[in-house]
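Working notes for the structure below.
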Amino acid sequence: MKAIRARRYGTPHVLTLEEVDPPTPEGDQVLVEVRSAGLNPSDWHRMEGKIPMLRQAYGDPEPTDHTLGTDCAGTVVAVGKNVARFTVGDAVFGAAKGALAEYAIATERNLVRKPENVPFVDAAAVPTGGLTALQGLRDHGRLVSGQRVLIVGASGGVGVAAVQIAKSFDAHVTAACSTTNTDMVRGLGADDVIDYTAQDWDGTGPYDLILDMVGDRPFDVYVKNLTPAGRMVSVGALGTDTTEHLAKLGAYKASAHGERVISFVAQFNTGDLEMLTQLMSSGALTSVIDRTFPLAEIASAMTMLGSKRTSGKVVVRVDRSPTRA
């Protein structure tokens, strides 16, 4: 099978398209024939290798785990002996190890059935961004109906999902994005849209919740725009300053206002994936895809992801080939 491999850290051009043996599912694993794979900032950080804790996980000084990609949608082609929820032929989406490939292995709990009315490419754009938005708003932000929420970075992969999910909670949504994305974000349901190139969102509060995907302000700025019981949830940002951002966050959380600032990494689980499925099926959550690329053009796809100028998601198509193995 064809698969993307990251055999050293660096820019998108270190990624290679190789012929490798397809994996074999065991126990509670599922083998997915990948149709589409969504890119995430975590893929960029994994490729670059600039974050120490990721190098510890993937190998140092060079990667020992060469697979890349997580979010995907495709068809089940084989299952391990302990798999109970899926059979061969099921259309699924969720997380798989090495999703940037023609076939990838997933743990059963990290997949759900794809809604019939949602194309594979749209489903692949949802998992990590959708779960981050859902868990950030509901679990960490404690969002309830009628509250005011500010979404900073509303046009990115997490942001477009967050606008729609917050509206499904009957929240009043203010979305901050660039000029080129204001109409798109307003079309997703945002009540107010701030073009950050023309207006600063600082001073537009108070908000019950700020969900931030940019991380370019001192944390005091977020806190002063919150209600007395408000919370700020940070999911970081794509860029080379990630380690510095995490260090600043850790220092602030030790301060007097630290309990109002939350940072987290989304956790895959079947229940939340099923909730995303329901939102997608009903039309309350639709994918926003900036561009799709074939698997062979992974360097271009990752370069676009790294530009931090995408509207929604970048998705890789894994096109069918008569010679697939």
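For any residue, its number in the numbering used here is found by taking its place in the sequence shown, counting from 1, and adding 2. Think of the CB as a built atom: it goes at the ideal place given N, C-alpha and C, for glycine as much as any other residue. Everything numeric in this text was worked out from a predicted model, so none of it was measured.
query, result
"How close, in whole Å, do the beta carbons of G161 and I153 come, if the pair is a contact with beta carbons under 8 angstroms?", "6 angstroms"
"Within this structure, are the beta carbons of A298 and P14 separated by less than 7 angstroms?", "no"
"Using only the alpha-carbon positions, how far apart do V320 and E104 sit?", "6 angstroms"
"So, with DSSP's three-state summary, where would you put A164?", "helix"
"Using the beta-carbon count (16 or more within 10 Å), is M55 buried or exposed?", "exposed"
"Here's the rule: buried if 16 or more other CB atoms are within 10 angstroms of the residue's CB, otherwise exposed. What is N227?", "buried"
"Reducing DSSP to helix, strand and coil, say where P230 ends up.", "strand"
"With 16 as the cutoff for other CB atoms within 10 Å, does L137 come out buried or exposed?", "Sequence inspection shows Gln at residue 137; the Leu mentioned does not correspond to that position. Buried is the call here."
"What does the alpha-carbon distance come out to for the pair L278 and R57?", "31 angstroms"
"With DSSP as the reference, label R144 as helix, strand or coil.", "coil"
"Where does L307 land, buried or exposed, given buried means 16+ other C-beta within 10 angstroms?", "buried"
"What are the boundary residues of the beta strand (DSSP E) that P63 is part of?", "First-last for P63: undefined, no H or E at that position."
"Excluding the 5 residues flanking T312 on each side, which residues of the same chain have their C-beta closer than 6 angstroms to its C-beta?", "D292"
"For L41, which of G158, P65, V32 and V187 has the nearest alpha-carbon?", "G158"
"Classify K4 as helix, strand or coil using the three-state DSSP reduction.", "strand"
"Which residue marks the beginning of the beta strand (DSSP E) containing S38, and which one marks its end?", "Q31 to G40"
"State the start and end residues of the unbroken beta strand (DSSP E) segment that holds F95.", "A93 to A97"
"What residues in its chain sit with their C-beta under 6 angstroms from that of C1, if we drop five residues either side in the sequence?", "Because the chain is modelled from 3 through 327, residue 1 falls outside the range shown and cannot be assessed."
"Spatial neighbours of A268 within its chain, please: CB distance less than 7 angstroms, with the 5 preceding and 5 following residues excluded, ordered by chain position.", "T130, L133, T134 and Q137"
"Taking only runs of the beta strand (DSSP E) that begin and end inside the stretch 95 to 143, which ones reach a length of at least 3 residues, in chain order?", "105 to 109 and 113 to 115"
"Where does F270 fall in DSSP's three states?", "coil"
"In three-state DSSP terms, what is L190?", "coil"
"Helix, strand or coil: which one does DSSP assign to A173?", "coil"
"Among all the DSSP beta bridges, which residues are the ones paired with G207?", "Paired residue(s): none; G207 is not in a bridge."
"Report buried or exposed for N112, applying the criterion of at least 16 other Cβ atoms within 10 angstroms of its Cβ.", "buried"
"Alpha carbon to alpha carbon, how far is I53 from F295? Give it in angstroms, no decimals.", "27 angstroms"
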